[in-house]
Every structure is written in structure tokens, then in C-alpha cells.
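Residue numbers (our numbering), protein chains in the order written: chain A, 38 to 146; chain B, 3 to 417.
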């Protein structure tokens, strides 16, 4: 069973207490954007086999959104971090690099 | 290929079964093929079969990283139905269902298609309205379905509890010509027929790269060396995203785990397929007597072919409520498969940014029922280079144009 630590309230929550909210760090587009931009934002996904960054919500807890770095092939969790950021923190990236040297995800590596 | 028949059984019985030949060859890959299909699951093998049968293209390799039919084709709950709301879906799923009816004869392989009937239970007022609407839509599409009341449901499924405490059964959408099939036999039957046409099925051969020149695919790198091709078909379900990354484009899909389980075998007690979408569980009884049970997908991306336990708990809880006798059954096996889910819960059959590379993917939780139809449409797409009438609406460009085939709303959860 997947367990993530909520970075806000510190609770180690198992997945029935959480809600998966899809890919993290999406660039959002609004009125006036092109069809391609809307397609990228709304539908196109990384769907990587390996390191992945996701949004989660501590739905049955503090209710806040946060980010998690996870492997989709081993279900290993590299860490969780605040949703108030555009990029994963360096310590989580270092942790991933230690295990998967040369990894990349969108513009991060 | 020696045909299977009653005479063949008698002949082999008389000589201690020494004369059966292998159902398909296991050749080494050639340098080059006209068409390479990546993925020897149901859709991949069906695509190859109809390329040969409908278009005479037989210089084809089907390459598979594991064993054929070992992915979602061998992991589903074998339900076959075509009671969809949207016209393009009803067309392709009904094509598939009708091809299932004669598949055993067409392939000379018993796929055990059993048109035993499928009921989708209506357990809320909105489901009643939704299924009545679907029944009307199906009437216009030429798919025979009917909305039935709770008494008729009880008559068809004596073990059902129609007065459940949370969600009483208020009716159901009944498709008499839906049913089940033998999932492995579908893959094996297509594989045998493809091999007989001279196609090469290359198992334990993983694609590691897609070779390109001038925006076109020239071949694939595999664990058994490079293989060239004129056209490439990607038919790999849950691994579509990974293969698309290799080829250098993105897909509007995410891969998640979907689970199923079977009980110990019991005496025949239910001769139809029942789907309960509100409480989220579906069940049928196999010919061996096991109750075959399917549930929901996990919410997060996953490539491990293992799902979360709490979904099994939810599914079993729902079924105990709907079928009280289930509470006393022991469960024998439980497994997971990786399904690729699109934004509108409908598949993608169409062109990719690479000119001679085509894709059949995104079937999500409902690919088995569509195998012959999906293969038929994908073969037409690859042979002609342009989608035919069955797949015209299923191109990836629908996500740019907002022209969705929205089955996520129409079909509820299970689909």
C-alpha cells in the first residue's frame, strides 16, 4: 500500500486517505491560448516508466494539495514537497540522482 | 497448418497424440518486413491477421517483449458487449462483437465465445435515465439492447439481491448478444492463423528504440538486433507511453493498474454477466465454475502490474451487497494489468507525428471486447495509410479539436 507523508501536517497517510490528482507542474493555459497549448495542458501527459512527479491531495486529512516524487516501476517514494513551487527541491532531485543517475523528467534532471 | 476438427482428435487419439504440430512457429527475425507490429496481444495479433486476410499483406512481424497474450489480453475479465452511447464507439465495439460470433470458425480455433447476455445494473435514478438513453441510442445504432425492470433482472440472475440496503436494483440495461470469451484462446487463435499466413511472431524480443530518418520510421532496435520495416504499428496497451517516448512523441494517456480476481469454483449459479457500476464491481461465472470479478483502477500512474489492495476490498464489498452468496466464497487468485487511459476514456486508433507509424492504444479498461474490431480498423489504417470508417473518429487530433468520444460520462466507471 502506498504511503506518503503530507508535507503540511506531517501525517504518514496511506492511499485511502489521499487522492491522486495527476501529473505535477503542469503549465496552465487560459483564454486566448492556441489549440495546441490547450491540448498539451489538458490531455498530453508524460506517463513515464520510472521517475514521476505527481500532485496529491490529503483529502481525508488536512485537505491540502502537495507534490510527490515517485517511481512508477518500483512504487518507491523519493519524497513529498510543497505545492507552492514550480520545481522539485534539490534534495529530492539528489535522492533520485543517487538511485537513477541521468534521469530526466520534462525539463528537470 | 493442420486444421483442428473432430476427425483430427480421432486421428490423434488413435496414435497416442503424437501428430499434433506446434500452433505457431517461433522464428528468428528477418532483416526487414513490410510491416512490424509491436505487441503480440489481442489487438496486435488481430491487426496482423486482418492485414493478411483483408489486404494480402503477409510479410509481417509481430514482436513481443514477453510471451504472446501475456499482457492485458490474458488478464481481463473476458466481457464482450457493445452497448455504448456514442456512435463511433457503438460502431467499433459492435463490429468486434459480431466478429466474435464467427471467430471460432474463422480461425479454426475454439475461442469459446459465449453470448450469454450482459446486464448493467441501474441502482440510482440517474443511472436509470442514463441507461434508458443508451438503449434508445443503441436502437438507432442497430445494437440490440433493452432496458429491463428489477423483476426481469431477478429472473435472469436469481442470486442477486434486488432490495439492497444502500443501492437497490432499479432496473438494468440488457444486451442479450453480449457475453464472454476465452481470452487466451483469442490470442492463440489469431497467432496460429497469422503464423499460418507466413507472418513471424517473435516473442521475448523487447523494442529498445525506434529508428527514424526524415520524420519517418525506418525500423526498430530490439534485444534481438535491429529490424527494418516500411510501416510500424504500435499496439502495446499500457506500455504505449513508454514506446511513444522512445519514438519521440507524447500521448494523451496515462498508465494505471486495473485488478481482477477469481473465486474458488462453485456449481453453476449465474449464466449472465452482471455489471454494477454504481457500487463498482462486475462478475460472471467461468465454465470452470469460478466467479470472475473485476473492479476499479488505481488513481495513480503505475507500471508494476500490481494494484492497490483497497480496490479489491471495495469491489468485494460491493459484490457482497449485490450478491450475498459471494460473502461465503474464498478467493483463489488476484492479479493486475496496466491499462492506458485517455482523457475521454475512448481509444486512439490513428496516425502519429511519424508518417509511417500508426498507433492502436488507449483502450483503458475495455480492450478485450474490442479486439477483432480494433484489429480490423488498425489493419485498414496501416494498409491504406488513412483511417477507414471504423477508426475515422478515433484519431489523436480529436484532443486538439475538442471532438471527444466521451464514454467516461456515458458509460459510468466500468467500460
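Glycine included, every Cβ here is placed at the ideal spot set by N, Cα and C.
Just so you know, these numbers come straight off a predicted model, no measurement behind them.
Contact defined as beta carbons within less than 8 angstroms: I believe residue 309 (chain B) pairs with residue 260 (chain B). What is the distance between those atoms, to the nearest angstrom?
7 angstroms
Does the distance from the CB of residue 73 (chain A) to the CB of residue 402 (chain B) come in under 8 angstroms?
yes
Can you list, in chain order, the residues of its chain with a C-beta nearer than 6 angstroms to that of residue 268 (chain B)? Leave out the 5 residues immediately preceding and following it.
291, listed in sequence order.
Counting only Cβ-Cβ distances shorter than 9 angstroms, please list the residues of the region 232-254 of chain B near chain A, keeping chain order.
241, 242, 243, 244, 246, 247, 252, 253, 254
Applying the 10 Å Cβ sphere with the 16-neighbour rule, what's the burial state of residue 95 (chain A)?
buried
Only counting the same chain, and skipping five residues up and downstream in sequence, which positions put a Cβ closer than 8 angstroms to that of residue 142 (chain A)?
Apart from sequence neighbours up to five positions away, the residues of its chain that approach residue 142 (chain A) with a beta-carbon distance below 8 angstroms are 83, 85, 88, 89, 90, ordered along the chain.
Please confirm whether residue 172 (chain B) and residue 359 (chain B) have their CB atoms less than 8 angstroms apart.
no
Test: residue 53 (chain A) CB closer than 8 angstroms to a CB of chain B:
yes
From this set, B:40, B:94, B:86, which residue's C-alpha is nearest residue 68 (chain B)'s C-alpha?
B:40
Whole alpha helix (DSSP H) runs in the region 74-132 of chain B with 4 or more residues, listed along the chain?
89-103, 105-109
Just to make sure I have the definition right: I need the residues of chain B whose C-beta is within less than 8 angstroms of the C-beta of residue 74 (chain A). Which are they?
The premise fails here: residue 74 (chain A) is roughly 10 angstroms from chain B at the closest Cβ pair, so nothing lies under 8 angstroms.
Flag residue 41 (chain A) as yes if its beta-carbon sits less than 8 angstroms from any beta-carbon of chain B, otherwise no.
For residue 41 (chain A), the nearest beta carbon of chain B is not closer than 8 angstroms to its own beta carbon.
For the region 107-140 of chain B, list every residue whose C-beta sits within 7 angstroms of some C-beta in chain A, in sequence order.
So the list is empty, because no residue satisfies the distance condition.
Just the chain A side, please: which residues come within less than 9 angstroms of residue 396 (chain B) by C-beta, in chain order?
Those within 9 angstroms of residue 396 (chain B) in chain A number zero; the least Cβ separation is about 14 angstroms.
What residues are listed by DSSP as bridge partners for residue 34 (chain B)?
B:230
Using only the alpha-carbon positions, how far apart do residue 1 (chain B) and residue 388 (chain B) sit?
The structure shown does not extend to residue 1 (chain B), since chain B is modelled only from 3 to 417, so the question has no answer here.
Just the C-alpha distance for residue 116 (chain B) and residue 110 (chain B), rounded to the nearest angstrom, thanks.
16 angstroms
Within 8 angstroms, strictly: CB atoms of residue 335 (chain B) and residue 263 (chain B)
yes
Assess, as a yes-or-no matter, whether the region 44-55 of chain B is touched by the region 186-205 of chain B under the definition of 3 or more beta carbon pairs within less than 8 angstroms.
yes
Which of the residues in the region 109-127 of chain A, read from start to end, lie with their CB under 7 angstroms from any CB of chain B?
Per Cβ criterion, the list reads 109, 110, 112.
With a threshold of 7 angstroms on Cβ separation, who are the neighbours of residue 89 (chain B) within its own chain once the five nearest residues in sequence on each side are excluded?
143
Can you tell me whether DSSP reads residue 389 (chain B) as helix, strand or coil?
coil
Length at least 4, wholly inside the region 301-367 of chain B: the alpha helix (DSSP H) runs in chain order:
311-324
Taking the Cβ atom as the reference point for each residue, do residue 66 (chain B) and residue 205 (chain B) lie within a distance shorter than 8 angstroms?
Their beta carbons are under 8 angstroms apart, which means residue 66 (chain B) touches residue 205 (chain B) by this criterion.
Kindly indicate which three-state DSSP category residue 80 (chain A) falls into: helix, strand or coil?
coil
Given that a residue counts as buried once 16 or more other Cβ atoms are within 10 Å of its Cβ, and exposed if not, what is residue 11 (chain B)?
With fewer than 16 Cβ atoms within 10 Å of its Cβ, residue 11 (chain B) is classed as exposed.
Through-space distance from residue 59 (chain B) to residue 306 (chain B), alpha-carbon basis
35 angstroms
So with Cβ pairs under 8 angstroms, would you call residue 312 (chain B) a contact of chain A?
So yes, residue 312 (chain B) belongs to the interface.
Rank B:136, B:119, B:167, B:140 by C-alpha distance to the C-alpha of residue 158 (chain B) and give the top, closest one.
B:119
Pick from B:56, B:33, B:86 that is closest to residue 63 (chain B), judged by C-alpha positions:
B:33
Which same chain residues, not among the five before or five after residue 116 (chain A), have their C-beta less than 6 angstroms away from its C-beta?
106, 129
Enclosing beta strand (DSSP E) for residue 176 (chain B) [first to last residue]:
173-177
Contacts around residue 120 (chain A), its chain only, beta-carbon distance under 6 angstroms, and the 5 residues preceding and following it disregarded
102, 103, 104
Judging by CA-CA distance, which residue of B:382, B:383, B:26 is the nearest neighbour of residue 202 (chain B)?
B:26
Which residues does DSSP list as the beta-bridge partners of residue 284 (chain B)?
B:277, B:296
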